[in-house]
Amino acid sequence: MLSKLLVLIGILSLVYYNVHSFQSITQLTVNKYAKKSTIKSLSMVTTPIKPSTGVSDSANSNQMRPRIITPWDILKKQISGSFKLSLDQLAKYDYISTDDALKAYEHMQLCRQFENACNQAYMQGFIRGFMHLDNGQETIPAFVHDSIRKSDKKHSYYREHTHALASGVSANKIMAELFMKVDGTCKGAGGSMHIYDVENNFQGGWALVAEQLPYATGAARAILLDRLLYPEKTVGDDRITIVFVGEGGAQNGRMAECLNAAAKENLPILFLVIDNGRAINTFTPDVAANSDVYLQGKHYGVPGVKVDGQDLLDVLRTGRAVTDYVRKSGPAIMQVHT
Amino acid sequence: AIMQVHTNRFQGHSPADPEHERGRKDEKKWARAEADPIKIFETFALDSKLLTENQLEEAKKKVNIQVKEAVDFATKSEVPPRSLAKELEYPDAPSTDYNLRTVPETFKAITEKIVDKESYERVTKHIESLRSIAKAGTITIGDAVNLAILEEMIRDPTTTIHAEDLQAGSSYNIPKLTQQTFGKLRAADEIIDEGHFIGKALGEGMNGFRPIVELMNTNFGIYGMAELSSAGNTYATTGGQFQMPMTIIGAGGTAPNQALGAEHSQPYHAYVMGIPGLKICTTASPSGAYGITKSLIRDNGPGILFLPVKMMKETKGSLDLDKCLPLNKATVLHTASESSVKENKAVTVLTYLHGVKEAQITIETLKSNNKDIDIDLIELTSLKPLDIETIRASLKRTHKLAILDESTLSGGVGATISAIISETCFYDLDAPIKRLCMDDAPVPYASSMEQAVVKRASDLTAAVIDLVNNKF
């Protein structure tokens, strides 16, 4: 009798604890904006910034590039419309466990600290040549770490250290590669812009802007070819290819070609658009008529969504929903505004 | 706007095509019978009494005569002379002196109208400050190119410039102040796609404008191979009707120990050697950069200037202000001592871009360790056309040649030059040409590996000594 009571108390405590945690997590969804920083120069703004979907964060709207606000309930409605999924189907992505949230946080910290270590090593001369750091964009590797599997194929660009980390590539081997050592991922032949790891299906590490788009499209075709040649071995295969490209790189003609290819052959490919508003050193709206790359798919029937990259949990939720869609149905675009 | 017209093509893609793709036979049969726009219009015109049978017949007869005339004219016409192909290679002969070029009187007025007073004053101030730095002998390669571009863009309002990060000054300040002075239409920021904006430059070149394209790094020019190739073809293929005054400038090349990785170390200079109609220049000095840029801009054909990516900000010098340099001349940087020539211990060294720096190290090393050996150092400021006369003059003294080449064994710059020299200067050579080029391998990031792939001063010094000691 006493033991049953203790078990009951134990269960009730667990339930209380989880419900309480869930509430704490939903508290985290309330966006806490950074302090207003000093405005650099309004004369730098040459084109009006039109937030299309995702309302501009009015608290910082005098910034050249404010955050966008994409609350989860609004995101769900957008995903529902674009991806043709019901709100019921999307409800399962509401909940993120404490465990997963902590894992994601830890991974963001790994990425931030790794990049900071690279910065220091570069200044000390241990890393040479060109290096591109991902500070500020950590929710993206956090999502990759959360939703993307070892068997999925990953194609990234030259700012890829954190994508490699998120894909399971050893931090030791990445750092050794940057340090030009034989124990690096590519025995020192590649360097910062050319991280590859065949075991983890991390297929680059590419330096020329947008070149990774057709390569990733081919990798997605390889998944379909695997299923064609080895049906017994690929029962239930739901691998995907994820390709990372900037909103600047996505102005390249290859984006249109690859969206067409993905649509035409219904390829399992997720276009992850890293929208940070800068194409190398150019404010992207100065040269791009439309930075809403996630809408480029409309012409081809490829659904897309744009999410505020400063909100970890919404990026995780959106990422999970979009990744599941690509696994089950077809190509998609997820634009992360950072 | 976009206007999409839904049609049927009666003939094959070309007469050579077998047209056995699915559905084509039936489709052709049906289309010729039921979808002929001429037949459809004839039926409509007669049914609606828009036109008479007679009008239609007259029209047909009239054009029938025209077509017969055309075939007749073509049959009776002469074939072009063999020599025309070579004549159409460049609109401006390689030996052109661009200092003699003038611009129409109207240009000054046009510039005054389209450049506002404030911008003009600002750019004039900037030009003056660059000119003083140049006179002081401390101007960098990047700034030297910027000065040349600004001067030429003021002189000739038909010049335009395209670059990534143009408004920000790109990587070496080459396009600095161009957009602020000449506006966004003449000085355009570009999306990251070299094929795209080299293509746009081609269109401008065909329509009365003089485009300059800056490649952030010449490696990225690979994206624009098709467009650059077509720029090279334009003058000849149009029978001389369209000139192509396109100037491409970029920093690139492969310095020893530069650690930029494979995709930033490719020898674009080697890849473009074979493009017809393209003039190719290199420089490792601010004075060369300034003088060659001015000439290339004034030249009416396509031209490309390669700058050394690792020397853009450190290498400083003076300029021969307002002077255009020839596009077909090599530059003698160092002459071997008379004693070394007399003792048969002098070697001609050809190099370009970062090789110039390496060769200068070799000169110093020889001075310390092998005082009797010396080199004639010739910088290949013109890669195409090649200045064979300057090379020959040196070979007549040394009879030995080494090429320090930052392109690969296969298809490299050194390979082309070595072949040309062997063919034309055979009797002036006492030894096989020593080519120090990159291995046929992607340039590795790690310096320890890269040492084996990219040849440098130590390799050149050893090669020179070997040649002198008849070791080959």
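Chains as they are written, first to last, in my numbering: chain E, 195 to 532; chain A, 252 to 723. Glycine included, every Cβ here is placed at the ideal spot set by N, Cα and C. Keep in mind it's a predicted model, so treat the numbers as computed, not measured.
Taking the Cα positions, R415 of chain E is about 14 Å away from Q397 of chain E.
Nearest to G542 of chain A by alpha-carbon distance, out of A:F460, A:R333, A:A419 and A:N397, is A:N397.
In this structure, P636 of chain A keeps its C-beta atom at 8 Å or more from the C-beta atom of P408 of chain A. By the criterion of at least three beta-carbon pairs nearer than 8 Å, the stretch 564-571 of chain A is not in contact with the stretch 588-595 of chain A. At the C-beta level, A419 of chain A and T429 of chain A stay beyond 8 Å of one another. Nearest neighbour of K337 of chain A by Cα position, chosen from A:A387, A:V600 and A:P527, turns out to be A:P527. Only buried fits D343 of chain A, as 16 or more other CB atoms lie within 10 angstroms of its CB. Fully enclosed beta strand (DSSP E) runs of no fewer than 3 residues occupy 582-585, 597-602, 625-630, 633-635 and 652-659 of the stretch 581-664 of chain A, in order along the chain. Annotation for G443 of chain E: V403 and A404 place their beta carbon closer than 6 Å to its own, counting only its chain and skipping 5 residues before and after. When the beta-carbon positions are compared, N424 of chain A and G472 of chain A stay at least 8 Å from each other. Of the residues A:L556, A:G512, A:R382 and A:G491, the one whose Cα lies closest to the Cα of G385 of chain E is A:G512. By the Cβ-count criterion, L351 of chain A is exposed, with fewer than 16 other Cβ atoms from all chains shown falling within 10 Å of its own Cβ.
For L511 of chain A, the chain E residues whose Cβ falls inside 7 Å of its Cβ are G323 and F324, in order along the chain. For Q283 of chain E, no beta strand (DSSP E) run applies; the uninterrupted alpha helix (DSSP H) run containing it begins and ends at L281 to A285, by DSSP. Looking only at A:Q517, A:I614, A:A252 and A:D268, the smallest Cα-Cα distance to D625 of chain A is reached by A:I614.
In this structure, the CA atom of A311 of chain E is about 12 Å from the CA atom of G319 of chain E. Using a C-beta cut-off of 8 Å, the stretch 500-517 of chain E makes contact with the stretch 339-355 of chain E, since at least three inter-stretch Cβ pairs fall below that distance. Rounded to whole angstroms, the Cβ separation of L655 of chain A and T602 of chain A is 4 Å, and the two are in contact under 8 Å. Assigned with DSSP and collapsed to three states, F324 of chain A falls in helix. Look at N366 of chain E: its C-beta is not under 8 Å from any C-beta on chain A. Listed in chain order, the beta strand (DSSP E) elements of length 3 or more contained wholly in the stretch 449-493 of chain E are 463-469. E332 of chain E sits in coil when the DSSP states are folded into three classes, being neither helix nor strand.
Taken through DSSP and simplified to helix, strand or coil, H531 of chain E comes out as strand.
Taking 8 Å as the cut-off, the Cβ atoms of N446 of chain E and D444 of chain A count as close.
R686 of chain A is bridged by DSSP to A:I654. Of all residues in the stretch 429-461 of chain E, the ones placed with a Cβ closer than 9 Å to any Cβ belonging to chain A are G440, G442, G443, Q445, N446, G447 and R448, in chain order. Residue E:G471 holds the alpha-carbon nearest to the alpha-carbon of R261 of chain E among E:G471, E:P497 and E:K492.
A Cβ-Cβ separation of about 6 Å places F438 of chain E in contact with Y351 of chain E under the 8 Å criterion. With fewer than 16 other Cβ atoms from the protein chains shown falling within 10 Å of its own Cβ, D348 of chain A counts as exposed. With a beta-carbon spacing of about 11 Å, I463 of chain E and K348 of chain E fall beyond the 8 Å limit used to define contacts.
A Cβ-Cβ separation of about 14 Å leaves D623 of chain A out of contact with K651 of chain A under the 8 Å criterion. If you check the CB distance, D573 of chain A and S538 of chain A do not come in under 8 Å. P507 of chain A is classed as buried because its beta carbon has at least 16 other beta carbons within 10 Å across all chains shown.
Here the stretch 473-490 of chain A lies against the stretch 546-562 of chain A, with 3 or more beta-carbon pairs under 8 Å apart.
At least one CB of chain A lies nearer than 8 Å to the CB of L402 of chain E. For H377 of chain A, the enclosing alpha helix (DSSP H) has its first and last residue at K368 to K386.
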